[in-house]
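Below you'll find the structure, written out as structure tokens, and then a few comments.
Protein chains in written order, with our numbering: chain A, 1255 to 1495; chain B, 61 to 277.
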């Protein structure tokens, strides 16, 4: 293996700037996408556990649609197809007037994709609460909205916390697909630096390390959050292991 | 706007060839990914400290990195390491085996852990070695338990193969994208691609559900 190592490219301008810019966009995409995914995911997840048959059915269709098409294809649909099939003025706005359309397409498209997965986690978590607490609350005269607000969601979201953390990590990793529609986030920037310098190994090592660091930070933060939110005596199973 | 459905029939053979590549990649990655995942799991559960630490490090490392990153790694690294070009198909295949192996290993490990420790101890006490105990007693039961999860992961793998688009391997996705930009028919081709992935994934998912019901212990 005769390879000229040149770690220096990573701290040379403009490449260092590109790398930092990539990190910035990875965060910008992931945070917005996760906010969308959580909002919609909780709503759809609740709908999947409601007594109303139509609400359950509609939510199930939503989930299986978004889970059965690859993310790459979904991004292409939002980016290339949707502006064309929408009414002309709206399509024009998406293509021309919206600033940074690549960014918003990825953030929203990724958010919708992740929302279907989060909905499944929320549904499982609400079901894990069992029927007892909900029935007890109903016997007290609580409405369905109150039962979710005061009983099922506070407990269910705590159950779901570990899986929601790994979905946040998935959001970070999936944000790399933004490069396919020309958004240069961390992976895209590394690819570009490789193309300019032919120093692929150094560049990819750097961005791999950055991704691993992001994962570690998220995992530690969520451990902290879990122990902060723990209900004494309720979710103790986590400590048994 | 006009929707030209015939652009799909005109390019049918190209798209079908792409789908063949997609299926071939999925099948081979699934097969070797399972083998690699099983090896990783055995290493993680093995009594030796060093081996299990290395395997755990590998699995957690891979799982922290995006799949596209792994595809790029292999695509740029393998030629440097081996000194020869192996082409986009085999470089993508290696990337998928290395990547999916880590995920399969997690699933297999959970399946093995669900088999009680007593089973392995009983096997060891009858004079079987660790590998024999795994091979004849634990794994046959564990695989049955984890089959539905493994199959669901395989559907995810099938969808993930669309990412080979980034290295230009002519799978179904890349073929659709190529026809789309060459003929200026983005709407038709991407809608069609989405539809095909949707139908295949939905059919596979309902097959998994059927099987799950049938083999329920």
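Cβ coordinates follow ideal geometry from the N, Cα and C atoms, glycine included.
Exercise for the section: Can you tell me which of B:161, B:132, B:136 puts its alpha carbon nearest to the alpha carbon of residue 93 (chain B)? Expected result: The shortest C-alpha separation from residue 93 (chain B) is found at B:161.
Handout entry: Contacts of residue 1281 (chain A) in chain B (Cβ-Cβ under 8 angstroms)
Key = Under the 8 angstroms cutoff, chain B gives no residues; its nearest Cβ is about 14 angstroms from residue 1281 (chain A).
Handout entry: Contact set for residue 1340 (chain A): own chain, Cβ-Cβ below 8 angstroms, skip 5 residues either direction
Key = Cβ neighbours of residue 1340 (chain A) beyond the five flanking positions: 1348.
Exercise for the section: For residue 150 (chain B), return the contacting residues in chain A, with the cut-off set at a CB-CB distance below 9 angstroms. Expected result: Chain A residues near residue 150 (chain B): none, gap ~18 angstroms exceeds 9 angstroms.
Practice task
Might you give, ordered along the chain, the residues of its own chain that have their beta carbon closer than 8 angstroms to the beta carbon of residue 197 (chain B), omitting 5 neighbours on each side?
Solution key: Excluding residues within five positions, the ones whose Cβ falls inside 8 angstroms are 179, 180, 182, 183, 188.
Handout entry: Nearest candidate by alpha-carbon position, reference residue 208 (chain B), set B:70, B:152, B:95, B:272
Key = Comparing Cα-Cα distances from residue 208 (chain B) to each of B:70, B:152, B:95, B:272, the minimum goes to B:272.
Exercise for the section: With DSSP as the reference, label residue 1493 (chain A) as helix, strand or coil. Expected result: Per-residue confidence for residue 1493 (chain A) stands at a pLDDT of 45, beneath the threshold of 50, marking its modelled position as unreliable; the derived number appears in the next sentence. Here DSSP, grouped into helix, strand and coil, assigns residue 1493 (chain A) to helix.
Handout entry: Under 8 angstroms (Cβ pairs) to chain B, residues found in the segment 1338 to 1357 of chain A
Key = Sequence-ordered contacts of the segment 1338 to 1357 of chain A with chain B read 1338, 1339 [C-beta pairs closer than 8 angstroms].
Handout entry: residue 1308 (chain A) - containing alpha helix (DSSP H), residue span
Key = First-last of the alpha helix (DSSP H) with residue 1308 (chain A): 1307 to 1322.
Handout entry: Spatial neighbours of residue 133 (chain B) in its chain, beta-carbon cut-off 6 angstroms, leaving aside the 5 residues before and after
Key = Nothing listed; no residue qualifies.
Problem - Selection of the segment 1302 to 1331 of chain A by Cβ proximity to chain B, strictly under 9 angstroms - result: Hits within the stretch, in order: 1318, 1319, 1321, 1322, 1323, 1324, 1325, 1326, 1327, 1328, 1330, 1331.
Exercise for the section: Check whether the Cβ of residue 1458 (chain A) lies closer than 8 angstroms to any Cβ atom in chain B. Expected result: Yes, contact with chain B.
Handout entry: Any alpha helix (DSSP H) of 4 or more consecutive residues that is wholly inside the segment 72 to 119 of chain B
Key = Taken in chain order, the complete alpha helix (DSSP H) segments of 4 or more residues contained in the segment 72 to 119 of chain B are 72 to 105.
Practice task
Report the option in A:1466, A:1305, A:1459 whose CA atom is closest to the CA atom of residue 1377 (chain A).
Solution key: Measuring from the Cα of residue 1377 (chain A), the nearest candidate turns out to be A:1305.
Practice task
Grab the span of the alpha helix (DSSP H) containing residue 1366 (chain A) for me, first residue to last.
Solution key: Looking at the DSSP string, the run of the alpha helix (DSSP H) that includes residue 1366 (chain A) is 1355 to 1382.
Handout entry: Test item: CB-CB of residue 1298 (chain A) and residue 1286 (chain A) under 8 angstroms
Key = At least 8 angstroms separates the beta-carbon of residue 1298 (chain A) from that of residue 1286 (chain A).
Handout entry: Any chain B beta carbon closer than 8 angstroms to residue 1441 (chain A)
Key = It does: the Cβ of residue 1441 (chain A) has a partner Cβ on chain B nearer than 8 angstroms.
Problem - Neighbour flag for residue 1294 (chain A) against chain B, beta carbons, 8 angstroms - result: Not an interface residue.
Handout entry: Start-end ranges of the beta strand (DSSP E) lying completely within the segment 185 to 218 of chain B, minimum 3 residues
Key = Listed in chain order, there is nothing to give.
Problem - Cut-off 8 angstroms between Cβ atoms - residues of its own chain near residue 256 (chain B), not counting five sequence neighbours on either side - result: Here residue 256 (chain B) has 79, 232 as same chain residues with Cβ atoms under 8 angstroms from its own Cβ, once five neighbours each way along the sequence are excluded.
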